[in-house]
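In our numbering, the protein residues as written are 1 to 571.
Written out below as structure tokens is the structure these notes cover.
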């Protein structure tokens, strides 16, 4: 039976609906088709989530977590729509060109296509499961009709919207094909993730990661195709132009991530090939095999990072020198400012991590509190650096976040593959800070914390009329989430639900602490000459909504809360 809307509504779904409604209520009339499509996507995702409550056995998801399908399906499209609202204000003020607005429109539809494709895939799986269980199950026909109606309406609205920004019918068809490829790629990727890394994520978390990866690498592919076409054919004869003007740092970050992605696939293939030809040789000691495997690993990694990834960077953007040399020139162009910040970070990381690791081995302190110390470490590292960046170094922190993400990815690959001599050491160290949301296969908490702080900063580059947007991750995770956990753990009595651990006292502490931090940041930014356009009532709504989401959601809050908070701050 299908649950009624009132019985199906829980705290997380109510907060997500309010989040979507808040964004939709801020839309200009020019974005009305986008509002309709997001509404359809929200209703469709709620329907799929309700139906999935009894079909979670289709995938081995993270134990103890709900499906989170609705939250995972609407977060990225809503964030793109919020950014589109901000860029619409910029275009009305003649601060940006029409190309940047059209690029963000395509990003919104691409994110929506990814999520819609996965929802269709999940609907088909559940329909088959219900039919196999009971061929006379009457709701299956109703489910199919409702899902098909949502998909058709969504497709019609998408076609109408794309036709308004396309010059020809062929251009519209090409864009629709591009969106269809996004949806297909998202379906294949989420299948691969859930099957390769069982019990590591909920469906909603996997959906957010899938749509983000497909959107990010799809943008890279489109940019590459556009650039190659202009190189192979005379620029005067080619009208292909994709996206916006790319910065060197943005291209370097994309290139490094591309290189690591290629490296993972190539190294896996090389190892399988090596084991196939050398499996008959039992005389070689285990240590020699590990050393040989390690040499292959580091040689492949070096070749990808020095040759493969920089080659792509130099094709897409005209670097005067090798990208690695460009990084050194950029860092040492102002050595006192940039190297002093690096020394500050390294010293803080060394002292804090060493201290926390010793505490984790010798103390009975709660694991959740120990993990929140890393949130405070993120505040100590990034908050001064972010204020410094806004005033003095507008690009260096972007590069630093990209470097940190690359290091985390390499260390996780070393840990998963147990690469000698660091694999086991990294595994033992990382295991000291894991909780129920991590698994032995994949540890994701440090990635989610880093990306939660980095994404608002990366997304706020360019036009930004809301001064608190770059601080969205640091405020929501480093201050709000930390205070909510610490106060709730020590003083919490009134729980939000009978089965949950989150307390009203903790949520209130998190909301108040973020508002207090904002009351300090805004005058500080104003004193430096920053023009403030952030109003307190929308800020209160944004802080309260993200705080309530932290209280109700069973998903990985490091991944969702910064994106929700960022989206609401854009309005």
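Every residue, glycine too, gets a C-beta built ideally from N, C-alpha and C.
Boundaries (first-last residue) of the alpha helix (DSSP H) holding residue i
{"i": "residue 326", "result": "323 to 332"}
{"i": "residue 311", "result": "309 to 316"}
{"i": "residue 90", "result": "69 to 92"}
{"i": "residue 431", "result": "423 to 431"}
{"i": "residue 289", "result": "286 to 303"}
{"i": "residue 401", "result": "396 to 417"}
{"i": "residue 446", "result": "445 to 459"}
{"i": "residue 464", "result": "Counting along the chain, residue 464 falls outside any alpha helix (DSSP H), and DSSP gives it neither H nor E."}
{"i": "residue 536", "result": "536 to 552"}
{"i": "residue 28", "result": "No alpha helix (DSSP H) contains residue 28, which DSSP labels as neither H nor E."}
{"i": "residue 562", "result": "557 to 569"}
{"i": "residue 197", "result": "That residue, residue 197, is in no alpha helix (DSSP H); it is neither H nor E in DSSP."}
{"i": "residue 44", "result": "32 to 52"}
Per DSSP, cross-strand counterpart(s) of residue i
{"i": "residue 495", "result": "503"}
Beta-carbon contacts of residue i that lie in its chain and below 6 Å, excluding the five residues immediately before and after
{"i": "residue 238", "result": "Its pLDDT being 42, under 50, residue 238 is placed unreliably by the model, and nothing is read from it."}
{"i": "residue 12", "result": "552 and 553"}
{"i": "residue 383", "result": "474"}
{"i": "residue 46", "result": "70"}
{"i": "residue 512", "result": "none"}
{"i": "residue 9", "result": "none"}
{"i": "residue 352", "result": "377"}
{"i": "residue 30", "result": "none"}
{"i": "residue 24", "result": "35"}
{"i": "residue 150", "result": "40 and 44"}
{"i": "residue 15", "result": "548, 549 and 552"}
{"i": "residue 107", "result": "80"}
{"i": "residue 563", "result": "75 and 79"}
{"i": "residue 193", "result": "206"}
{"i": "residue 197", "result": "441 and 442"}
8 Å contact criterion, which residue i and residue j should meet: CB distance rounded
{"i": "residue 309", "j": "residue 258", "result": "6 Å"}
{"i": "residue 104", "j": "residue 76", "result": "Contact flag wrong, Cβ pair sits at about 13 Å."}
{"i": "residue 397", "j": "residue 457", "result": "6 Å"}
{"i": "residue 160", "j": "residue 28", "result": "About 17 Å; that fails the 8 Å criterion."}
{"i": "residue 22", "j": "residue 541", "result": "6 Å"}
{"i": "residue 487", "j": "residue 506", "result": "5 Å"}
{"i": "residue 470", "j": "residue 386", "result": "6 Å"}
{"i": "residue 443", "j": "residue 434", "result": "6 Å"}
{"i": "residue 304", "j": "residue 262", "result": "6 Å"}
Cut-off 7 Å between Cβ atoms - residues of its own chain near residue i, not counting five sequence neighbours on either side
{"i": "residue 481", "result": "375, 510, 550, 557 and 561"}
{"i": "residue 37", "result": "112, 154, 157 and 158"}
{"i": "residue 20", "result": "38, 42, 74 and 78"}
{"i": "residue 48", "result": "69, 119, 122 and 123"}
{"i": "residue 163", "result": "172"}
{"i": "residue 174", "result": "none"}
{"i": "residue 372", "result": "482, 485 and 486"}
{"i": "residue 138", "result": "Per-residue confidence for residue 138 stands at a pLDDT of 47, beneath the threshold of 50, marking its modelled position as unreliable; no derived number is given."}
{"i": "residue 220", "result": "254 and 258"}
{"i": "residue 411", "result": "426"}
{"i": "residue 459", "result": "83 and 566"}
{"i": "residue 517", "result": "475 and 479"}
{"i": "residue 424", "result": "418"}
{"i": "residue 415", "result": "423, 426, 427 and 430"}
Contacting residues, own chain, Cβ-Cβ under 8 Å from residue i (five flanking each side not counted)
{"i": "residue 306", "result": "324"}
{"i": "residue 224", "result": "312, 315 and 316"}
{"i": "residue 348", "result": "377, 380 and 381"}
{"i": "residue 350", "result": "none"}
{"i": "residue 189", "result": "210, 213 and 214"}
{"i": "residue 176", "result": "158, 159 and 162"}
Short CB-CB distance (under 8 Å) between residue i and chain D
{"i": "residue 51", "result": "In the structure shown, chain D cannot be found, because there is only a single protein chain."}
Residue i CB to nearest heavy atom of the ligand PLP below 7 Å
{"i": "residue 539", "result": "Of ligands this structure carries none, so the ligand PLP is not represented either."}
Note to self: Under 8 Å: do the segment 298 to 317 and the segment 330 to 340 share three or more Cβ pairs, one atom per stretch?
What the structure shows: no
Checklist line | At least three beta-carbon pairs within less than 8 Å, the segment 473 to 483 to the segment 90 to 110 | finding: no
Check: How about the segment 518 to 527 and the segment 447 to 455: do they share at least three Cβ pairs that are nearer than 8 Å?
Finding: no
Check: With a cut-off of 8 Å, do at least 3 Cβ pairs link the segment 192 to 209 to the segment 56 to 75?
Finding: yes
Next item on the list: May I ask you to verify whether the segment 110 to 128 touches the segment 162 to 181, counting CB pairs closer than 8 Å and requiring at least 3?
Entry: The count of Cβ pairs closer than 8 Å, one atom from the segment 110 to 128 and one from the segment 162 to 181, reaches three, so the stretches are in contact.
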